[in-house]
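Asker:
In our numbering, the protein residues as written are 32 to 206.
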């Protein structure tokens, strides 16, 4: 499963920035045949609706993006993560989950997703799972390198990139 499981990090400074930053990625999910899901600490549905109204995209695409679910989801415990993952992986081959919250919440959700993936690895052989962890920059002052080390890539408004491309001088601490 290791080759089909990608952890991506992203950083934002406000709810509006988060919404504007992930929209280009979300907008192109259909082209990549990805099924998008969210586990959000904040409710950004108002922000998403406002930005979508000001963006030149089709009505169909706008409705599709709004249906993803940009409200708060209190899914942290392993049992809840297990049910959520079983539901979203049942019918789709490419799954992306956008996770937003405090560093502690993101870590807890990540550990539970990792645990579920390890337990169901055989069933997931033909699946691709991406987790996009969105961290609010104002919440933490240190540990940026630690967060980068825990992820495979980074997402910004221009898409997914190698971390080393975005942070000159960064040297990965994990293999």
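Think of the CB as a built atom: it goes at the ideal place given N, C-alpha and C, for glycine as much as any other residue.
Less than 7 Å between the C-beta atoms of residue 75 and residue 182, yes or no?
Answerer: The count along the chain shown starts at 1 and reaches residue 75 at position 44. The count along the chain shown starts at 1 and reaches residue 182 at position 151. For residue 75 and residue 182, no; Cβs fall outside 7 Å.
Asker: Return the first residue and the last residue of the alpha helix (DSSP H) that residue 168 is part of.
Answerer: Taking the first residue of the chain shown as 1, we reach residue 168 at position 137. Element bounds for residue 168: n/a, residue is neither H nor E.
Asker: According to DSSP, is residue 48 helix, strand or coil?
Answerer: The residue labelled residue 48 in the question sits at position 17 within the chain shown. DSSP places residue 48 in helix when its eight states are reduced to three.
Asker: Of the choices 168, 187, 148 and 191, whose alpha-carbon is the least far from that of residue 35?
Answerer: If you number the chain shown from 1, residue 35 lands on position 4. Comparing Cα-Cα distances from residue 35 to each of 168, 187, 148 and 191, the minimum goes to 148.
Asker: Residues bridged to residue 130 by DSSP?
Answerer: Position 99 of the chain shown holds residue 130. In DSSP, residue 130 forms a bridge with 70 and 164.
Asker: Mind pulling the beta strand (DSSP E) runs of 3 or more residues that sit fully within the segment 57-104?
Answerer: As far as the segment 57-104 is concerned, its whole beta strand (DSSP E) runs of at least 3 residues are 66-71.
Asker: Please classify residue 166 as buried or exposed, where buried requires at least 16 neighbouring CB atoms within 10 angstroms.
Answerer: Here the question's residue 166 lines up with position 135 in the chain shown. By the neighbour-count rule (16 or more Cβ atoms within 10 Å), residue 166 is buried.
Asker: Residue 190 to residue 55, Cα distance in whole Å?
Answerer: Along the chain shown, read from residue 1 onward, the residue named residue 190 stands at position 159. Along the chain shown, read from residue 1 onward, the residue named residue 55 stands at position 24. Going from the Cα of residue 190 to the Cα of residue 55 covers about 8 Å.
Asker: With a cut-off of 8 Å on the beta carbons, I'd call residue 103 and residue 73 a contact; round off their distance for me.
Answerer: Along the chain shown, one-based indexing puts residue 103 at 72. Along the chain shown, one-based indexing puts residue 73 at 42. That belief holds up - the Cβ atoms of residue 103 and residue 73 are roughly 6 Å apart, short of 8 Å.
Asker: Answer yes or no: do residue 69 and residue 129 have a C-beta to C-beta separation smaller than 7 Å?
Answerer: The count along the chain shown starts at 1 and reaches residue 69 at position 38. The count along the chain shown starts at 1 and reaches residue 129 at position 98. In this structure, residue 129 lies closer than 7 Å to residue 69 by Cβ.
Asker: Do residue 96 and residue 57 have their C-beta atoms within less than 7 Å of each other?
Answerer: Working through the chain shown from its first residue, we reach residue 96 at position 65. Working through the chain shown from its first residue, we reach residue 57 at position 26. Against a cut-off of 7 Å, the Cβ pair of residue 57 and residue 96 comes out as a contact.
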